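Scroll down for the structure; my scribbles are underneath it.
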Amino acid sequence: MAIKQKITVAVSGLNNIDSPGPGIPVIRALKESKDFEVRIIGLSYETLEPGLYMHNLVDKSYQIPLPGSGIDSLMERLNYINAQEKIDVIIPNFDAELANFMKIENRLKSELGINMFLPTQEQFDERHKANLYEFGEKHQVHVPFSKMMFSTAEIPTIANEFTYPMVVKGKFYEAYIAYNAEQVGNYFNKLSTKWGLPIIIQEYVFGSEVNVTALGDGKGNAISAVPMRKLFITDKGKAWAGISLDDDELVNIAKNVISSSKWRGGMELEFIKTAENKYYLLEINPRFPAWVYLAAGCGHNQPEALVKLALNLPVEPFGGYEIGKMFIRYSYDMIVDLKEFEQISTIGEL
Amino acid sequence: MKIKKNVAISESGFIFNPTTGDSFSTNPIGLEIIRMLKDDKGKDEIRKTILTKYNADESTFEKDYYDFVMMLQNNQVAEETE
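Those protein sequence lines, which keep their order, are chains D and B.
Per the working numbering, the very first residue in the first sequence carries number 86; after that it's consecutive.
Per the working numbering, the very first residue in the second sequence carries number 65; after that it's consecutive.
Dropping the structure here:
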């Protein structure tokens, strides 16, 4: 029997709720690693993130400061956690926290010996929703026309450049379809209050949504790209069930994006496929999606491969993946002792 | 009319299109027709087989066959042959 290398991986995004973070699926994939025996350290922001209490998956958890607190307090907290746990790799899973982690990636490596495998600042910025149209032009992929909006006073001008319906998108999360100027204004206020400015207005493209979870090695190689179609969508637009697809064209588009941008790390590409079989890139998320465990189920353990890349171990691109594999989410009530809630709430560790 | 190559059809009449992720189920006659289409059999041959095997008149076959293949085409299970 092969001996597995023991490693400690810290993972955020433990909010396994109706709009789930990718943390728990990433952890499940890591726990199935053939090469590593992984001790998982959970990094949480809220005391009710379900992953905190999933002791079969998360060995120990620590609260970390909210992204708005800046990099010094994050560094200080990680320094403390590392002193207890000796972390080998951190996988941040929230869009909103990535900027801070990217800024301290080199310091974490040199000062604490912690490895990460994140996109570069340039990659992170150019795939931003506000810049995606230009990204599409640069990397030769169709992107619906979009513009940034900073004030509701811009609505009349915007209305001249788009036709209704149009998509109103938040800076980090959420999108709504607006059918008139009043709705654009309402969604603008709703999204800007929640996620800040700018708001992105995007041309509405009709078709079916297909997504790809992928991993780039930072040198232009796509280690893996697995496409999926949502079969059941929640009222928040999240996949509650999905199926892996046999779609070479979609996989090739994803691989071309990775190759052209030399993408480093995990990513999710969200597309609309029109009735004319044309693909429009709607969004690039600079981390694994919450459905990444499907990729592991299809034979591509992307989180494990990312850990290898972070540890500078050789990683070859995966071959084929299983087509027609489905994931179906479910909700599950955990019974939690108040003592545990008290512990994470007061001392920030569990 | 031709069934797309990568479409999977099970014994029970369950049809899976791996390109779109859609799945359907059909009754035994539908399954029989799909199998004949998959074996590159033309409409005349399919008509002959169905009318010989089942108690159906020609106009009913025409109407139902047209509806069925249109459904296959709309759901990207089948495509027109050139």
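Every residue, glycine too, gets a C-beta built ideally from N, C-alpha and C.
This one's a predicted model, so the numbers in the text were calculated from it and none came from an experiment.
Where residue i falls: helix, strand or coil (DSSP)
| i | result |
| --- | --- |
| ASN81/B | strand |
| ASN265/D | coil |
| LEU398/D | coil |
| TYR130/B | helix |
| TRP348/D | coil |
| LEU391/D | helix |
| ASN439/D | Chain D is shown only over 86 to 435; residue 439/D falls outside these bounds and no answer can be derived. |
| GLU190/D | helix |
| ASP86/B | strand |
| GLU182/D | helix |
| ILE408/D | coil |
| PHE257/D | coil |
| SER123/B | helix |
| SER74/B | coil |
| SER104/D | coil |
Contacts around residue i, its chain only, beta-carbon distance under 7 Å, and the 5 residues preceding and following it disregarded
| i | result |
| --- | --- |
| PHE273/D | MET234, THR237, VAL253 and ILE284 |
| LYS358/D | GLY292, SER293, VAL295 and TYR364 |
| ARG212/D | PHE220, ILE369 and PRO371 |
| ILE413/D | ALA326 |
| GLU134/D | LEU99 and ASN100 |
| ALA215/D | MET233, PRO283 and ILE285 |
| PHE78/B | SER87 and SER89 |
| ASN265/D | TYR249 |
Chain E contact for residue i (CB, 9 Å cutoff)
| i | result |
| --- | --- |
| ASN70/B | Of the protein chains in this structure, namely D and B, none is chain E. |
Continuous alpha helix (DSSP H) stretch holding residue i: start and end
| i | result |
| --- | --- |
| ARG372/D | Taken as a continuous stretch (DSSP letters only), ARG372/D belongs to no alpha helix (DSSP H), as it is neither H nor E. |
| SER158/D | 156–170 |
| THR116/B | 107–117 |
| PRO241/D | 240–246 |
| ILE98/B | 92–102 |
| LEU423/D | 423–431 |
Chain D within 9 Å of residue i, Cβ atoms only
| i | result |
| --- | --- |
| THR116/B | no |
| PHE80/B | yes |
| THR84/B | yes |
Terminal residues of the beta strand (DSSP E) in which residue i lies
| i | result |
| --- | --- |
| ASP331/D | ASP331/D -> no beta strand (DSSP E), and no H or E assigned at all. |
| ASN141/D | Run containing ASN141/D: none; DSSP gives neither H nor E here. |
| GLU122/D | 121–129 |
| LYS315/D | 307–318 |
| LEU115/D | Taken as a continuous stretch (DSSP letters only), LEU115/D belongs to no beta strand (DSSP E), being part of the alpha helix (DSSP H) at 108–116. |
| LEU300/D | 293–302 |
| PHE412/D | 411–413 |
| MET419/D | It is not in any beta strand (DSSP E) - MET419/D carries neither H nor E in the DSSP assignment. |
| GLN140/B | Segment: none, GLN140/B is in no beta strand (DSSP E) and carries neither H nor E. |
| ALA437/D | Since the first residue of chain D shown is 86 and the last is 435, residue 437/D is not available in this structure. |
| THR288/D | The identity of residue 288/D in the sequence shown is Glu, whereas the question assumes Thr. Where GLU288/D is concerned, the enclosing beta strand (DSSP E) stretches over 284–288. |
Close-in-space but distant-in-sequence residues of the same chain around residue i (CB under 8 Å, 5 per side omitted)
| i | result |
| --- | --- |
| HIS224/D | ASN341, VAL342, SER345 and SER346 |
| LEU142/D | ILE109, ILE112, ARG113, LYS116, ILE125 and GLY136 |
| PRO402/D | ASN306, ALA307, ILE308 and SER309 |
| HIS103/D | As written in the sequence, residue 103/D is Asp, which differs from the His given in the question. Taken in chain order, the residues that qualify are THR319, LYS321, LYS323 and SER416. |
| MET208/D | Checking the sequence shown, residue 208/D turns out to be Gln, not Met. Here the set comprises SER346, LYS347, TRP348, ARG349 and PRO371. |
| SER430/D | THR132 |
| GLN90/D | ASP120, PHE121 and GLU122 |
Close Cβ partners of residue i (< 6 Å) along its chain, the five nearest in sequence each way excluded
| i | result |
| --- | --- |
| LEU282/D | PHE235 |
| ILE189/D | ILE156 and MET160 |
| ILE229/D | A small correction: the amino acid at residue 229/D is Pro; Ile does not occupy that position in the sequence shown. GLN287, GLU288, VAL290 and TYR365. |
| LYS145/D | ILE126 |
| PHE317/D | TRP325 and ALA326 |
| ASN386/D | ALA114 |
| ALA82/B | With the sequence shown as reference, residue 82/B is identified as Pro, and Ala is not the correct amino acid for it. Closer than 6 Å at the Cβ level, and outside the excluded window around PRO82/B, lie ASN70. |
Short CB-CB distance (under 9 Å) between residue i and chain B
| i | result |
| --- | --- |
| GLY382/D | no |
| ILE338/D | no |
| VAL96/D | no |
| VAL226/D | no |
| MET251/D | no |
| SER293/D | yes |
| ILE408/D | yes |
| ARG414/D | no |
| LEU367/D | no |
| LEU313/D | Strictly speaking, residue 313/D in this sequence is Met, with Leu absent from that position. Yes, MET313/D lies at the interface with chain B (some Cβ there is under 9 Å from its Cβ). |
| GLY327/D | yes |
| ASP320/D | no |
| ASP331/D | yes |
| LEU379/D | no |
| LEU354/D | no |
| LEU276/D | no |
| LEU316/D | yes |
- Item | 3 or more residues per run - each beta strand (DSSP E) lying fully within the segment 193–246 of chain D | With a minimum length of 3 residues, the continuous beta strand (DSSP E) runs that stay inside the segment 193–246 of chain D are 231–234.
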